[in-house]
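>
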Amino acid sequence: MLCGALALAGWAPVGAWLAERVDVPSFRQAEEFKRAAALEPVAAALDFLNRLATASPPIRVRLPVSIALDEYRLSIVDARLGPSGAAAATRLQLDDGKMGVALADRARDLCAAGRRCVVRLIGYWRGTVDDVGHLDVRRIDGLVPDAAAAAVEVESR
Numbered sequence: 001m002l003c004g005a006l007a008l009a010g011w012a013p014v015g016a017w018l019a020e021r022v023d024v025p026s027f028r029q030a031e032e033f034k035r036a037a038a039l040e041p042v043a044a045a046l047d048f049l050n051r052l053a054t055a056s057p058p059i060r061v062r063l064p065v066s067i068a069l070d071e072y073r074l075s076i077v078d079a080r081l082g083p084s085g086a087a088a089a090t091r092l093q094l095d096d097g098k099m100g101v102a103l104a105d106r107a108r109d110l111c112a113a114g115r116r117c118v119v120r121l122i123g124y125w126r127g128t129v130d131d132v133g134h135l136d137v138r139r140i141d142g143l144v145p146d147a148a149a150a151a152v153e154v155e156s157r
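Every letter in the sequence shown is one number past the one before it in UniProt numbering, and letter 76, counting from 1, is 76.
Below is the structure:
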């Protein structure tokens, strides 16, 4: 009630007043990634990623991942490392628990053309168990613009 009376009396909204006087820092820092390893041969790429899994402090990676949505486009039914999505490519288990909005929801908006598309995922590689790679996804970085140039990228510090 008091806020309405103040607004009618010509007082500026509190949010506008704060925006003029408070310099709010941006929490999102500019992220830079550098090419670290090629995806072919697969054994060398997995060896490189598995060495990163034991690094301290953890190093974020940006990987091209081919994902397939189910027929209703509600969930991700298959994820493979690399742009091809071939059956021979390394299967991935994606953990999107720290994203806020589910990875499938974000992928649904990006993959408008069909059920399978190639996206760049940013996160932490947790290793390979039983030929399945584990990636803790923190962010989806859009579609892979050029599948031929896709590679393992690490955050430059």
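Every residue gets a Cβ at the ideal spot worked out from N, C-alpha and C, and that includes glycine.
Taking the straight line between their C-alpha atoms, what separation do you get for R108 and P145?
Residue mapping note: residue 108 aligns to position 108 of the sequence shown, counting from 1. Residue mapping note: residue 145 aligns to position 145 of the sequence shown, counting from 1. Going from the Cα of R108 to the Cα of P145 covers about 17 Å.
> Give every residue of the same chain whose Cβ lies closer than 7 Å to the Cβ of V137, excluding the five residues on either side of it in the sequence, and list them in chain order.
Walking along the sequence shown from the start, residue 137 turns up at place 137. Excluding residues within five positions, the ones whose Cβ falls inside 7 Å are L94, D95, D96, M99, L103, L121 and G123.
> What would DSSP say about L121, mapped onto helix, strand or coil?
Along the sequence shown, one-based indexing puts residue 121 at 121. Strand at L121.
> Exposed or buried, A150, counting other C-beta atoms within 10 Å across all chains shown (16 or more means buried)?
Translated into positions along the sequence shown, residue 150 becomes position 150. Under this definition A150 is a buried residue.
> On the DSSP bridge assignment, give the partners of T128 in chain order.
For this step, residue 128 is matched to residue 128 along the sequence shown. Answer is G133, bridged to T128.
> Please specify which runs of the beta strand (DSSP E), each continuous and at least 3 residues long, are wholly inside the segment 89 to 120, giving them in chain order.
Whole beta strand (DSSP E) segments, 3+ residues: 91 to 95.
> Do the CB positions of P41 and A147 come within less than 9 Å of each other?
Indexing the sequence shown from 1 puts residue 41 at position 41. Indexing the sequence shown from 1 puts residue 147 at position 147. No, the Cβ-Cβ distance between P41 and A147 is not below 9 Å.
> Can you check DSSP and say which residues form a bridge with A37?
Position 37 of the sequence shown, counted from the first residue, corresponds to residue 37. Paired residues: V152.
> Just to confirm, are A43 and W125 a CB contact at a threshold of 9 Å?
Here the question's residue 43 lines up with position 43 in the sequence shown. Here the question's residue 125 lines up with position 125 in the sequence shown. No, the Cβ-Cβ distance between A43 and W125 is not below 9 Å.
> Would you mind giving the Cβ-Cβ distance between V61 and V152, rounded to the nearest angstrom? I have them listed as a contact below 8 Å.
What you label residue 61 is simply residue 61 of the sequence shown in a count that begins at 1. What you label residue 152 is simply residue 152 of the sequence shown in a count that begins at 1. The pair is a contact, with the Cβ atoms about 6 Å apart (cut-off 8 Å).
> What is the DSSP secondary structure of L55, counted as helix, strand or coil?
Your numbering for residue 55 matches position 55 in the sequence shown. The question names Leu, yet the displayed sequence has Ala at residue 55. Looking at A55 - three-state DSSP - the assignment turns out to be coil, as it is neither helix nor strand.
> Between which two residues does the beta strand (DSSP E) containing P145 stretch?
One-based indexing of the sequence shown puts residue 145 at position 145. Per DSSP, P145 lies in no beta strand (DSSP E) and is assigned neither H nor E.
> Check whether the Cβ atoms of S75 and R116 sit closer than 9 Å, and answer yes or no.
For the purposes of this step, residue 75 is taken as residue 75 along the sequence shown, with counting starting at 1. For the purposes of this step, residue 116 is taken as residue 116 along the sequence shown, with counting starting at 1. With contacts defined as CB atoms closer than 9 Å, S75 and R116 fail to qualify as a contacting pair.
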